[in-house]
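Reviewing the structure listed below.
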Amino acid sequence: MAEVLAVEVTDLVKIYRRSAGGNTARPRYLRAGTPEASGGPATIPRSSRAHGRRQAHPPTETKQGDAPPPGRADRGTQTRGTQTIEGQVLPGGERAAQIRAVDGLSLSVSVGSVTAVLGPNGAGKTTTIEICEGFRAADSGEVRVLGLDPIRDGAALRPRVGVMLQAGGMYPGARAGEMLRLIAAHHANPLDAGVLMERLGLAEVAGVPFRRLSGGQQQRLSLAMAVVGRPELVFLDEPTAGLDVQGRRDTWELIEELRLSGVTVVLTTHAMDEAERLSDQVVIVNRGRVVAAGSPAELTRGGAEGQLRFRAPVGLDVERLLLALPDGTTGREGPSGHYLVQGTVDPQLLAAVTAWCASNGVLAEDLRVEQRTLEDVFVELTGSELAS
Amino acid sequence: MSVADTATAGAAPGTVLDLRPAPGAAPRARMLAAQTRLELTLTLRRGESVLLTLIIPIGLLVFFSAVDVLPTSTTTQSSVDFLVPGVLALAVMSTAFTGQAIATGFERSYGVLKRLGASPLPRSILLAGKTLAVLAVEVVQLVLLVAVGFALGWDPAGSVASAGWAILLVLLGTAAFSGLGLLMAGTLRAEATLAAANGVYLLLLLVGGVVFPLDELPGWMRVVAEALPTAALSDGLRAVLADGSGPGAGNLLVLALWSVGALGLAARLFRWE
């Protein structure tokens, strides 16, 4: 297949190593550049958690199972979601942790497509994106962006690639319009800053300093900065985090229009509906690895897997029901009176279930066939709910 | 704005965005002009930086010229003749070092430098823009301080050559202080930079020969002070503007060494994120 690739990542590995007492503390307002937000399910070894508690940043500690707002990460804390953490004691007694933020990740993005990188907090999404953007060097693995090396060929790539950081990236005292015009002035054929701001609902706040913009306005300004230079490829790190309904709609429309205009889009997100609606390809990342990749339809179809639900009197013998169904079908009651049958849902299975009910004098109410959603796939693959 | 407005925005006349890729870096001159303009605008917009770079130096000049609290009144010079060169040195320090360190430190922590690193802007132009903005602020400072000085009866010595020496000293001082400021901003956290830059400012104000002569310091402190860039700059400017002599090879050497050392270290150690 001679498909042209906009991004090609092979066996990427990135390990962060930080000392616990070191100078790694970051101002809280700095969300940009943090590898991934901390928090999420408690899949971290106990010992590492203990290390985390001993650090000098108690306010940024995340309670177990408590999902923080996206990006409220702190570099100093090692309490990170689903990353692999290995506590270590360095010579001199100094504590350090090795975090395999990205652990053998591979993905490819074809030109002109929209790819959503989906994963829980701490999965390695931002680290992967930032390596593609040339902000960080990989520890091993191969990265090609538009056929070039993001760091070595950075000067050639920068005009061609638009970047939206997770947050920040603007002079705190600059007005929204000034900031966008500054970035526009770095490019040869920029979009009209005024029209772009109008389009993203920023026209009224063009004269407002960055630090007085709402979170959603900052996000939209950051998106505008990513596209104003008319790039071939844009990396959008959580473009709709913190946006209201209208902001999300504006952002989605712009992304769809980018795609129609031939721009390749790579975005990270927590939002299933966003991934499902926008992307040609969804890449599900967990613990620094790709656990599934494909179109939303491919992922949810997943070999025609599906499920059947119905209500019936409490206490049906599910074991006997399953005997009447094809091999590989599973089922259970729960909550009581609600029955779930999972397997290859086809007309035969449906007929077999209703026939069994009929022969046992059971009226199956609310019988329905359910497609797996992207969320089901995600939970199955990562064992975690999405924090958003 | 209503939902209908944005839904049709793409089709409305005058608001069509051509998003088709047309990548390219702008000409370097345009980037430099844009960076310089914004840096300068932001500096002049920050109240604390105006206070630091204009109000404090002018205030010191007016106050100490009018009030005989300092030992300068015992020298043969008039206060204002002694003060103007020192306050000029302070002005250079406040802009190139203190103001620049604090602003750059916060830009770094807000991810500005990181974001600009992803745009086609070369780092050399980013730094050139900062430097031009610093020089522009210095021009404003010098004009105002010289005007206030004349109003207070300043009577500079020297000739056209003195003006040349003064410009050379100011440029060397700017290089040294910029190097120190960027070194601090590029290695410390923003809050630490804020504290340290203000602390160093005060220290150099006191032992930099700005408002009273180095002769007043105890011997060991004087030796240390004379090796500091503020003292070298104020002493050099005083030699040129008050005495009408050359700037002194020692002063030029001290400033040159600080420039090379600080800029060199900043270039090696500066972390953009």
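Taken in sequence, the protein lines are chains A and B. With the working numbering, letter number 67 in the first sequence gets 67, and the count goes up by one each step, no holes. Just add 1000 to the spot in the second sequence (first one is 1) and you have the working numbering. Note that CB positions come from ideal geometry on N, CA and C, so glycine has one too.
Secondary structure note for A/S140: its beta strand (DSSP E) is the uninterrupted segment 140–145. When the beta-carbon positions are compared, B/G1236 and B/L1214 stay at least 9 Å from each other. Note: B/A1033 is not bridge-paired with any residue in the DSSP secondary-structure output.
For the stretch 175–248 of chain A, the full-length alpha helix (DSSP H) segments reaching 4 residues or more read 176–185, 193–199, 215–227 along the chain. Secondary structure note for A/M164: its beta strand (DSSP E) is the uninterrupted segment 161–164. Taking 9 Å as the threshold, the shortest C-beta distance from A/D273 to chain B does not fall below it.
A/S261 and A/E298 have their C-alpha atoms spaced approximately 25 Å apart. Interface annotation, A/R212: not in contact with chain B, CB-CB separation never under 9 Å. At a C-beta separation below 7 Å, A/L243 has no neighbours in chain B, since its nearest C-beta there lies roughly 13 Å away. Straight-line spacing of the CA atoms in A/A116 and B/A1175 works out to 47 Å. Residues of the stretch 155–169 of chain A whose Cβ lies closer than 7 Å to any Cβ of chain B, in chain order: R158, P159, R160, V163, L165, G168, G169.
For A/N286, the enclosing beta strand (DSSP E) starts and ends at 281–286. Contact of B/G1186 with chain A by beta-carbon distance below 9 Å is absent, the smallest such distance being about 13 Å.
Taking C-beta separations shorter than 8 Å and ignoring five residues to either side along the sequence, the partners of A/P231 in its chain run P159, R160, V161, G162, V263, following chain order.
Residues of chain B whose Cβ lies closer than 8 Å to the Cβ of A/P231 are, in chain order, P1021, P1023. Excluding its 5 nearest sequence neighbours in each direction, B/L1144 has C-beta neighbours in its own chain below 7 Å: L1054, I1058, listed in chain order. Under the 9 Å criterion on CB atoms, A/E133 is classed as interfacial with respect to chain B. For the set A/L221, A/G119, A/D103, the Cα lying nearest the Cα of A/A271 is the one of A/G119.
DSSP links A/V13 through a beta bridge to A/D103, A/S140.
Not flagged as an interface residue toward chain B: A/Y339, since no C-beta distance is shorter than 9 Å. Taken through DSSP and simplified to helix, strand or coil, A/Y339 comes out as strand.
Residue state for A/E370 is assigned as strand, using DSSP reduced to three classes. DSSP places B/T1187 within a helical segment (H, G or I) once states are collapsed to three. Against chain B, a Cβ distance below 7 Å from A/P172 picks out F1106, Y1110. At a cut-off of 9 Å between beta-carbon atoms, B/L1017 makes contact with chain A. Around the beta-carbon of B/E1216, fewer than 16 other beta-carbon atoms lie within 10 Å, marking it exposed. Cβ contact annotation for B/S1109 (same chain, cutoff 6 Å, sequence separation greater than five): A1190, in chain order. B/L1263 and B/V1224 have their alpha carbons spaced roughly 21 Å apart. Exposure of B/S1124 is indicated by the presence of fewer than 16 other C-beta atoms within 10 angstroms of its C-beta.
For B/R1020, the closest C-alpha among the options A/T10, A/L146, A/G229 is that of A/G229. With a cutoff of 9 Å on beta-carbon distance, B/M1031 and B/G1111 are scored as not near each other.
Counting of Cβ neighbours within 10 angstroms places A/I131 among the buried residues, the total reaching 16 or more.
The DSSP-derived three-state label of A/F135 is coil. Around the C-beta of A/Q219, 16 or more other C-beta atoms lie within 10 Å, and the residue is accordingly described as buried.
Residue contact with chain A for B/T1041: present (Cβ-Cβ distance below 9 Å to some residue of chain A). Put simply, of B/T1098, B/G1047, B/L1044 the residue whose alpha carbon is nearest the alpha carbon of B/L1203 is B/T1098.
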